[in-house]
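In what follows, a single structure is set out as structure tokens and then discussed.
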Amino acid sequence: MTNPPGQSGGRILGPSGVVKLSQREREVTALVASGLSSAEVAARLGIAVNTVNAHLQRVYGKLGVSRRQKLSELWDELAKPEE
Numbered sequence: 718m719t720n721p722p723g724q725s726g727g728r729i730l731g732p733s734g735v736v737k738l739s740q741r742e743r744e745v746t747a748l749v750a751s752g753l754s755s756a757e758v759a760a761r762l763g764i765a766v767n768t769v770n771a772h773l774q775r776v777y778g779k780l781g782v783s784r785r786q787k788l789s790e791l792w793d794e795l796a797k798p799e800e
């Protein structure tokens, strides 16, 4: 659920090249990409909403996106099996 297929050691290929996301960043990203709000992600992971938002800001910076919608689109693209 939290890692797109083909992901190795948290390294993924984003628009700006290969980046490394922490386990928690991957968890937060996967939950956000599934449509959960920051409050729902926080409740699910047992962390504060501000912590969720801090993880998201780091992920946005690493992946070169600035909105949840773009993050979700990128995450979904990464999760597609290679043909």
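What the sequence shown shows, in my numbering, is residues 718 to 800, in sequence order. Beta carbons: idealized from backbone N, C-alpha and C, even for Gly.
For SER755, the enclosing alpha helix (DSSP H) starts and ends at 755-762.
DSSP places VAL736 within a strand segment (E or B) once states are collapsed to three. Excluding five sequence positions before and after ARG775, the CB atoms of its chain that fall closer than 7 Å to its own CB belong to GLU742, given in chain order.
In the structure shown, the three-state DSSP call for VAL776 is helix. Going by beta carbons, SER755 and VAL769 fall inside the 8 Å limit. Ranking SER783, GLY781, GLN740 and LEU795 by CA distance to the CA of LEU762 puts GLN740 first.
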